[in-house]
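Peer 1:
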Amino acid sequence: MATVISDNITSPLGLTTEQTYKAVCEGKSGLAHYPCEDGKGGWNDLPFPIEASLFNKEQWDKIMVDGFSRFESLVLHSVKAAISTLTFDKERAILVLSSTKGDIELLEKGEDMPSLADAAKKVSKAIGIENDPIVVCNACISGVSGIILGQRLVDCGNYTHAIVCGADVQGRFIVSGFQSLKALSDEPCRPFDIERLGLNLGEAAATIVLSREMDFPKGWKVDKGAVCNDAYHISAPHPKGLGAGLALGKVKDADEPISVIGVHGTATMYNDQMESKAIEMAELQSVPLSALKGYFGHTMGAAGVLETIIMMRALEDGVILPSKGFETCGVSGKVKMSDKQMTAEGNTFVKMLSGFGGCNGAVRVSDRTLPQIIVNDILVKQSHSVKITQEEVVIDGEKLDLESRGKEMLTEVYKTKIGDYPKFYKMDMLSRLAFVASELLIESEGQRVINNYQLTINMPNTPHLTPNTERAVVLFNHSSSIIADCQYVKSIDKDDFYPSPAAFVYTLPNITTGEIALRNGYHGETSFYLLAERNEKLMQRVIKSTFIDRDIKSVIGGWIDCPSEDKFECEINIFEK
4 MATVISDNIT SPLGLTTEQT YKAVCEGKSG LAHYPCEDGK GGWNDLPFPI EASLFNKEQW
64 DKIMVDGFSR FESLVLHSVK AAISTLTFDK ERAILVLSST KGDIELLEKG EDMPSLADAA
124 KKVSKAIGIE NDPIVVCNAC ISGVSGIILG QRLVDCGNYT HAIVCGADVQ GRFIVSGFQS
184 LKALSDEPCR PFDIERLGLN LGEAAATIVL SREMDFPKGW KVDKGAVCND AYHISAPHPK
244 GLGAGLALGK VKDADEPISV IGVHGTATMY NDQMESKAIE MAELQSVPLS ALKGYFGHTM
304 GAAGVLETII MMRALEDGVI LPSKGFETCG VSGKVKMSDK QMTAEGNTFV KMLSGFGGCN
364 GAVRVSDRTL PQIIVNDILV KQSHSVKITQ EEVVIDGEKL DLESRGKEML TEVYKTKIGD
424 YPKFYKMDML SRLAFVASEL LIESEGQRVI NNYQLTINMP NTPHLTPNTE RAVVLFNHSS
484 SIIADCQYVK SIDKDDFYPS PAAFVYTLPN ITTGEIALRN GYHGETSFYL LAERNEKLMQ
544 RVIKSTFIDR DIKSVIGGWI DCPSEDKFEC EINIFEK
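Note that the working numbering has the sequence shown beginning at 4, numbered continuously upward.
(1) Give the secondary structure of V334 by DSSP, where H, G and I count as helix, E and B as strand, and everything else as coil.
(2) Using a threshold of 7 Å, is the CB atom of L34 nearer than that to any non-hydrogen atom of the ligand GTP?
(3) Buried or exposed: where does E442 fall if 16 or more other Cβ atoms within 10 Å of its Cβ makes it buried?
(4) What does a CB cutoff of less than 7 Å around L156 pick up in its chain, not counting 5 residues either side in sequence?
(5) Nearest CA to the CA of K410: which residue from R435, V397 and K420?
(6) Is it the case that the Cβ atoms of G153 and V78 are separated by a distance below 8 Å?
(7) Could you pull out every unbroken beta strand (DSSP E) segment of at least 3 residues lying fully inside the region 118-204, listed in chain order?
(8) Quick check on C489: does DSSP put it in helix, strand or coil?
(9) Below 6 Å CB to CB, which residues in the same chain sit around A306 once its five sequence neighbours on both sides are set aside?
(10) Taking all protein chains shown into account, decide if G246 is buried (16 or more other Cβ within 10 angstroms of its Cβ) or exposed.
(11) Might you give, ordered along the chain, the residues of its own chain that have their beta carbon closer than 8 Å to the beta carbon of Q2, omitting 5 neighbours on each side?
(12) Thinking just about the alpha-carbon of each residue, which of R215, W46, S567 and F571 is nearest to the one in T6?
(13) Starting from the Cα of T529, find the closest Cα among N538, P512, R537 and E539 and give me that residue.
(14) Specify the secondary structure class of E568 as computed by DSSP and reduced to three states.
(15) To the nearest angstrom, report how far apart V558 and R474 are at their CA atoms.
(16) Quick one: Cα of E29 to Cα of D370, how far?
(17) Which full runs of the alpha helix (DSSP H) of 4+ residues lie inside the region 238-276, going along the chain?
(18) How should L382 be labelled, buried or exposed, when 16 other C-beta atoms within 10 angstroms of its C-beta is the threshold for buried?
(19) How is Q543 classed by DSSP in three states: helix, strand or coil?
(20) What's the gap between the Cα of D115 and the Cα of F176?
(21) Taking the Cβ atom as the reference point for each residue, do G561 and I551 lie within a distance shorter than 8 Å?
(22) By DSSP, does W562 sit in helix, in strand, or in coil?
(23) Which of the three DSSP states, helix, strand or coil, is assigned to G349?
(24) Tell me which residue opens and which closes the beta strand (DSSP E) that I312 is part of.
(25) Which first and last residues belong to the beta strand (DSSP E) in which G364 is found?
(26) Please report the Cβ distance between F219 and I8, rounded to the nearest whole angstrom; I am assuming they are in contact, meaning their Cβ atoms lie under 8 Å.
(27) I need the straight-line Cα distance from G113 to A535, nearest angstrom please.
(28) For P590, does the count of other Cβ atoms within 10 angstroms reach 16, so buried, or fall short, so exposed?
(29) G160 to N134, Cα distance in whole Å?
(30) Within this structure, are the beta carbons of L119 and S407 separated by less than 8 Å?
(31) Hey, out of C143, Q385, G400 and F195, whose CA is closest to M355's CA?
(32) Please identify the residue among V334, C489 and V139 whose C-alpha is closest to the C-alpha of M542.
(33) Given this structure, state the Cα-to-Cα distance separating S32 from I53, to the nearest angstrom.
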């Protein structure tokens with residue numbers, strides 16, 4: 004398993020891990036109120052007040068790098084700080100960048116917006132790493148997903164070092180989107196509290212450097228990781244915490260007690276309630292919880308990495324930090340949370356996150372010395388293929404006879420080959436492409452499972468039906484969700500300011516994997532990655548590494564890029580162990 008050998012946090016509470024952790028221990032919060040005054044608008048000319056954790060001008064002056072955007076500068080600052088004292092073979096290293104929207108604020112301003120994948124490549128080259136980087140774009144769980152991917156790539160022997168950075172900056176695009184979903188509070192957030200009103204947003208970057216355990220036997224180890232989909236709804240969590248409970252169940256170990264669980268704790272009504280039920284489902288209700296959003300707000304792509312680092316530091320000091328903003332429990336699940344500092348017992352913790360698209364992630368971290376684990380080469384065979392461009396559709400080498408081309412061609416395929424899922428017409432272009440391709444692929448396989456569950460052994464606190472966790476969905480592209488991004492920008496560019504919540508949700512490219520999971524009842528891993536260019540070797544490495552989760556028996560995986568409605572490319576396959 005991979006060892007954490009260095010880290011950095013760059014946040015409004017401090018530009019180093021030490022400064023940030025010290026501020027948290029002193030009870031400080033980066034959250035501040037940005038009001039609307041006399042109808043003139045508030046922060047970024049938004050027509051409503053916000054409570055958020057944002058960098059100030061003095062901090063940005065220290066972070067900014069000539070020739071780099073705000074987001075790129077923030078990533079570069081954190082990564083450079085994390086590797087500044089390290090010496091390693093850069094030819095055997097990879098940058099894993101976790102983010103939700105990257106430089107999306109530039110699009111809203113009408114400026115050229117580089118792809119997140121291009122931004123990652125720019126940072127990677129700036130630190131002297133020529134290997135293609137990979138961006139994890141898995142909504143709010145991106146940080147945890149990035150740690151899991153970094154661990155897998157190191158444990159599989161693909162790289163000796165994985166530099167995992169999570170980062171996001173805030174702007175009108177993101178803030179208005181969460182406001183359209185009625186998810187924001189204009190007061191400091193109160194995770195798990197009975198009077199919680201919603202989340203606060205934050206911006207930050209956080210980096211951990213992972214290396215092979217054989218080179219660094221001592222230190223914090225990324226022990227286990229899991230991503231599970233709840234296959235319930237693309238923007239609402241499963242009320243019984245199914246996906247999160249499954250992920251927690253995968254990372255817990257009967258022989259190794261968990262000292263503390265770092266919950267997502269967004270302080271929204273449904274997320275916190277869901278997490279409490281997930282913790283009960285995994286039979287971990289006696290484990291103390293830690294919620295950190297009261298210090299940083301929801302830092303999105305940075306959250307999983309930032310909060311993992313803070314928890315490592317706290318356990319090193321033998322403490323569980325107070326959950327700022329919490330007073331009285333407001334969830335039905337039995338949980339153990341406190342607004343007072345607690346003494347930690349043991350040296351193992353779990354960090355969990357949940358996000359749109361039904362994705363849920365959990366990673367277990369421990370500082371104990373363990374026997375060396377060697378991941379044997381995973382043999383994967385490829386079966387069944389669907390290729391789609393704006394000109395044609397090819398299934399297992401046979402071209403469909405179609406009259407239409409471009410966007411209309413996808414609708415023709417839906418009508419003639421599928422036809423029983425009217426939600427298709429509500430999807431954005433990228434999701435339509437993914438949906439049609441996956442339907443054709445599954446049909447060619449002949450393994451359609453109509454029900455969401457299969458009859459197997461019972462799980463604690465669940466019905467006598469166990470979710471289908473044997474199939475994963477792993478997709479890659481370059482353009483992210485650019486068509487949906489542009490459509491959403493149009494919805495907020497109005498005097499009356501009525502941003503579209505439906506359009507906002509589809510600006511997350513991992514919604515494509517969520518739609519496939521929801522349609523087919525898949526509760527295995529769903530992940531979405533961005534690459535600067537199509538790289539078959541790297542894609543194969545990532546897909547193979549997915550099988551480290553021993554429950555996964557097959558993967559729907561491949562390339563699906565849709566830079567415009569008139570130009571798209573999809574090639575997905577079924578991969579089996």
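All C-beta atoms, glycine included, are put in the ideal place defined by N, C-alpha and C.
Peer 2: Based on what the coordinates show:
(1) coil
(2) Among the ligands in the structure shown, none appear at all, so the ligand GTP cannot be discussed.
(3) buried
(4) I97, Y162, A165, R544 and S548
(5) R435
(6) no
(7) 137-139 and 164-171
(8) helix
(9) G146
(10) buried
(11) Absent from the model: residue 2. The displayed extent of the chain is 4 to 580, so no value can be given.
(12) R215
(13) P512
(14) coil
(15) 6 Å
(16) 25 Å
(17) 245-254
(18) exposed
(19) helix
(20) 15 Å
(21) no
(22) strand
(23) coil
(24) Segment A306 to E319 is the alpha helix (DSSP H) holding I312; no beta strand (DSSP E) there.
(25) C362 to S369
(26) 5 Å
(27) 22 Å
(28) Here the chain covers residues 4 to 580 and nothing more, so residue 590 does not appear.
(29) 15 Å
(30) no
(31) C143
(32) V139
(33) 15 Å
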